[in-house]
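Protein chains in written order, with my numbering: chain A, 1 to 308; chain B, 1 to 315; chain C, 1 to 243.
For glycine and all other residues, C-beta sits at the position ideal for the given N, C-alpha and C.
What you are looking at is a predicted structure, and each value in this text was computed from that prediction instead of being measured.
Heads up: the structure comes next, in structure tokens.
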Amino acid sequence: MDFGPYLMLAIMEGALTAAVLALTASGLALVFGVMRVVNVAHGEFFMLGAVLAWWVTQLAGGSPVLGFLLALCVVPVLVGMLAAFVDMTILKRINYDPERTIVATIGTLYILQQVTLMTYGPEARPVAPPFNARIALPWIDMSDGTLRLYWPWGLSITSYKLFVIGAACVVLLGLWSLMTKTKLGLLMRATEQDREMALAFGIPVQRIYAIAFGLGAGMAALAAVLIVPIQQAHYLMGGDPLLLSFIVVIIGGLGSLPGAILAALLIGLSDGIISIFFSPTLAKIFATLFVAFVLVFRPKGLWGTGKP
Amino acid sequence: MMSDSKKDCFAHGGVLLFLFALQFFLPAYHHGNMARIMVLASYAIGYNLIFGYTGLLSLGHAIFFAAGLYGSGLAISQFGFSVGVALVIGVTAGCVLSAVIGALALRTEGVAFMIVTLMFAQAGYLTVLYFGEYTRGDEGFVLAHADRVLWGVSLSDQTSRYFSAFSLFCVSLIMCLALVRSRFGKVLIAIRENEERTQMLGYNVVWYKFCTIILSGSISALAGATYALLFGYVGASFASVEYSIYPLLWVLLGGAGTVIGPLVGMIFMFYLIDLSSGVTTAYMLVAGLVLVFLAVFAPQGVMGEVRSRMWKWLS
Amino acid sequence: MAVLSLLSAQGLSIKFNGLSALSDVSFDVPKGQVRALIGPNGAGKTTLVGLLSGRLLPSSGTVHFDGQNVTNWPSHKRIVQGMGYTFQITSIFETLRVHENVALAARRHQMRDTLVNEVVEWALDRVGLAEYVNDIAGDLSYGHQRLLEIAMGLAQQPKLLILDEPTQGLTESDIEAFKALIDDLRGEVTVLLIEHNMDVVMQVADFVTVLESGQVLFEGVPSDVKASALVRAAYLGGANAKA
């Protein structure tokens with residue numbers, strides 16, 4: 001394949017990464033923004049989404065489409081409820097103190113991860129995608145002076161991957177509508193702006209926190225359900241999404257959901273592109289140093305509005 | 001009635017004496033364990049300086065430990081230097097790295113600081129993997145017994161290993177104790193308690209933090225270098241995120257902001273995990289439960305609770 | 001005038017998010033004076049004091065202290081040069097003992113621990129907190145915590161003491177004690193205080209600067225300020241005034 005088509009492939013794969021990352025990160029941004037807490041267990045909610053998706057599809061048996069749909073509806077809700085439970089039993093008790101929350105969520109990370117290890121086991125298990133047609137992608141050829149489309153061998157994407165990208169866009173739009181156009185969204189944004197004032201106005205801040213935490217975890221789980229037919233479900237798969245979501249949220253800027261989405265695009269695409277052309281390890285080194293330096297010189301992130 | 005200060009010194013001296021005497025009636029299996037515990041506890045003491053005393057949550061201290069580990073390990077395996085030189089190289093590597101990272105990371109605070117330290121540590125881990133040709137990556141490499149001889153004494157020998165680990169621990173503990181009791185240390189505590197007030201009393205807070213990061217990183221690197229020399233194994237896992245979380249866990253469990261807390265936390269965690277590994281592969285579950293318990297019920301850790309309830313004079 | 005000035009500001013301005021909090025503020029505090037800075041809420045008093053102490057940096061203008069141009073100096077450097085500062089919302093080390101609180105302030109000047117202890121004793125004595133020396137600072141009443149903060153200021157033996165609303169939250173008797181303290185310090189230390197309590201201002205201040213909407217409205221001795229129609233109009237907006 002020539003450079004052009006290769007680049008396009010990299011972009012499409014990057015778009016997929018960015019889509020899933022944007023979903024996961026927006027969940028974290030929500031929690032971070034509304035509650036001002038660092039949820040180190042966020043990656044484990046992602047992992048639970050994938051593992052539970054496998055479990056649900058196993059239960060459903062039969063058609064992958066049915067199983068997948070069931071998983072898509074049920075799993076995020078389950079994970080969200082678990083998260084809300086964690087919030088109400090643990091986080092509320094420690095009054096969302098920043099340091100204690102970090103410690104408690106690190107503990108929760110290990111608990112969730114290891115319980116999964118004990119029940120689901122250490123193997124990676126695949127989930128069948130509901131549909132998976134290969135779609136060849138065209139590229140432009142100008143070798144004989146005229147513009148002509150041709151289909152380079154190897155340049156293709158699956159219909160499922162396109163679906164994931166589309167679904168992510170839909171969900172993010174839904175989240176944006178929720179935050180900007182519904183009463184719940186208004187309450188969450190009010191609490192995010194000024195917790196004391198929200199309390200003074202009679203807003204049930206504790207309940208908002210539980211909802212926000214649950215919603216954030218649900219977003220991560222949803223992202224995982226979408227990606228699990230492509231990746232496999234494994235008890236350690238939460239680590240990378242955690243790291244990447246944090247990077248995205250911080251770079252995009254605290255308090256900025258669109259910033260997080262843009263950062264996800266930036267990182268997803270560049271990770272995809274750099275990995276294809278350079279060694280993945282080197283790409284990761286550059287990525288991590290890039291994040292560090294952005295934070296060092298622009299502590300509010302690239303689009304941040306809130307306090308770092 | 002002994003003065004508070006004397007009680008403090010005696011208590012810590014007593015611990016050191018106990019540790020020294022321990023080697024004479026510990027069974028062989030535990031000798032190696034205790035040596036490992038003392039080296040890692042020194043790492044934790046280094047971490048405690050920045051976390052427990054200055055109030056900065058670093059999530060990337062593994063890079064300093066690894067700098068010492070690889071600095072001394074590579075010095076021997078690639079360049080054939082002697083143990084003494086290797087040790088110096090390891091510590092210097094950690095010292096320089098902590099100065100660089102400190103200078104950059106201190107431009108941020110709070111969560112951003114956490115992420116920046118984490119990122120630098122990740123970059124370090126990935127760099128170790130990238131240069132796998134020399135570092136052998138995750139698999140790591142081994143230092144031969146013959147290369148680990150200091151002044152005619154083989155460091156892999158049980159007794160000398162215990163004694164070396166003990167010496168390292170002594171140095172770390174005494175340094176830490178002296179520091180926190182000094183004027184410098186009191187400013188660190190003030191910074192932890194109320195940074196703005198400390199700045200407005202005329203203290204250059206950034207400078208204090210910077211010096212502490214260097215000290216903390218150097219002690220961590222010393223522990224890393226010692227680990228390579230005593231146990232003869234150098235591997236990338238020591239540079240991973242896990243090894244940045246461990247000192248946090250040990251310090252929190254044992255009591256952040258107490259000198260002896262890191263050792264207590266380390267011993268506790270080590271044997272807790274040792275025992276649970278015998279029962280299940282999911283032994284980190286214990287770590288998770290302990291952390292949650294600590295966060296909710298005992299945020300001050302074991303020695304922290306002891307200090308606030310009983311021994312108020314403890315440093 | 002400039003020669004005798006301990007603290008002077010020329011043309012200070014600062015903007016927050018495009019809104020001008022202070023514009024073109026200039027004033028001089030001669031050595032040994034007790035100067036009050038008053039004005040309705042939102043006039044920019046704490047902002048001005050923030051610029052003087054170095055907690056904020058100006059968009060334009062300069063600050064001179066003790067003959068030095070400190071405009072770009074970080075706050076700790078200005079404190080070392082001889083400024084003492086107390087916060088509007090009391091900021092002390094609540095988990096540390098009262099002794100340690102003041103000792104931290106004193107240690108920057110005194111090399112020997114015996115001298116530090118002497119200064120601590122002296123400072124606590126002056127504000128009347130000597131009996132609480134071994135208590136945990138957080139256990140003190142609010143009024144006493146404010147006095148502790150002043151003691152910390154005194155322990156630094158500053159040339160200029162900047163006090164941001166020092167009597168807020170104090171009982172009547174505490175306020176009397178505070179007034180006596182300022183009288184005691186007069187001449188020894190230059191004092192700049194932000195105050196809402198007009199009673200205190202009238203009795204304690206040598207000279208008053210009135211700020212309104214980020215600018216200097218009026219300057220004069222207390223009786224002139226009290227009589228000024230301008231000042232009265234500014235306050236009619238609803239700020240508390242026990243004038």
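With a minimum length of 4 residues, the unbroken runs of alpha helix (DSSP H) contained wholly in the segment 202-256 of chain A fall at 205-227 and 239-252. In this structure M266/B is in contact with G254/B, their Cβ atoms being roughly 7 Å apart against a cut-off of 8 Å. Think of a sphere of 7 Å around the beta carbon of T281/B: the chain A residues whose beta carbon falls inside it are L117, in chain order. With respect to the 8 Å criterion, A105/C and Q145/C are not classified as neighbours on the basis of their beta carbons. For F246/A, the residues of chain B that pass the 7 Å Cβ criterion are I115, in the order they occur in the chain.
Taking the CA atoms as reference points, V306/B sits about 21 Å from I94/A. The segment 271-278 of chain B makes no contact with the segment 123-134 of chain A, as fewer than three CB pairs between them are under 8 Å. Within 10 angstroms of the beta-carbon of A229/C lie fewer than 16 other beta-carbons, which makes it exposed. Under the Cβ criterion of 8 Å, L289/A is counted among the residues facing chain B. 8 Å or more divides the Cβ of G54/C from the Cβ of E212/C.
Counting only Cβ-Cβ distances below 7 Å, E196/B has contacts in chain C at S91, in chain order.
No Cβ of chain C is located within less than 8 Å of the beta carbon of K312/B. Contact check for V34/A against E192/A passes: the beta carbons are separated by less than 8 Å. Within the same chain, and ignoring the five residues on either side of G49/A in sequence, the residues whose Cβ sits closer than 8 Å to its Cβ are V75, P76, V79, A220, A221, L222, A223, A224, V225 and V228. If you ignore the 5 residues before and after G235/B, its C-beta comes within less than 6 Å of the C-beta of G140, all in its own chain and listed in chain order. Interface residue (Cβ-Cβ distance to chain C less than 8 Å): N48/B is not classified as such. Nearest to Y70/B by alpha-carbon distance, out of M2/B, V187/B and Y233/B, is Y233/B. Under the 8 Å Cβ criterion, the segment 69-86 of chain B does not count as touching the segment 102-109 of chain B, having fewer than three qualifying pairs.
If you draw a 10 Å sphere on the C-beta of W54/A, you find 16 or more other C-beta atoms in it, and that means buried.
For H76/C, the enclosing alpha helix (DSSP H) has its first and last residue at S75 to Q81. Nearest C-alpha to T24/A among T281/A, V296/A, G239/A and I285/A: G239/A. Chain C has a Cβ within less than 8 Å of the Cβ of R183/B.
Going by DSSP, F207/C is part of the beta strand (DSSP E) stretching over F207 to E212. In the structure shown, D157/B adopts coil according to DSSP, grouped into three states. Membership of Y132/C in any alpha helix (DSSP H) is not indicated, and neither H nor E is assigned to it by DSSP. In summary, K284/A is buried, with 16 or more beta-carbon neighbours lying within 10 Å of its beta-carbon over all protein chains present. Just so you know, the alpha carbons of D141/A and S237/B end up roughly 48 Å apart. Annotation for L26/B: no beta strand (DSSP E) segment contains it, and DSSP assigns it neither H nor E. In this structure G214/A touches A83/A by the C-beta definition: roughly 5 Å separates them, less than 8 Å. Within the DSSP secondary-structure output, W139/A pairs in a beta bridge with Y150/A. Legend: CB atoms of the segment 219-239 of chain B lying less than 8 Å from CB atoms of chain C are not found in any residue. At a cut-off of 8 Å between C-beta atoms, A234/C does not count as an interface residue with respect to chain B. Assignment of I157/A by DSSP, reduced to helix, strand and coil, places it in the strand class. In the DSSP assignment, R35/C falls within the beta strand (DSSP E) that extends over V34 to I38. Residue environment analysis places F169/B among the buried positions, since at least 16 neighbouring C-beta atoms fall within 10 angstroms of its C-beta. For the segment 150-164 of chain B, the set of positions with a beta-carbon nearer than 7 Å to some beta-carbon of chain C is empty.
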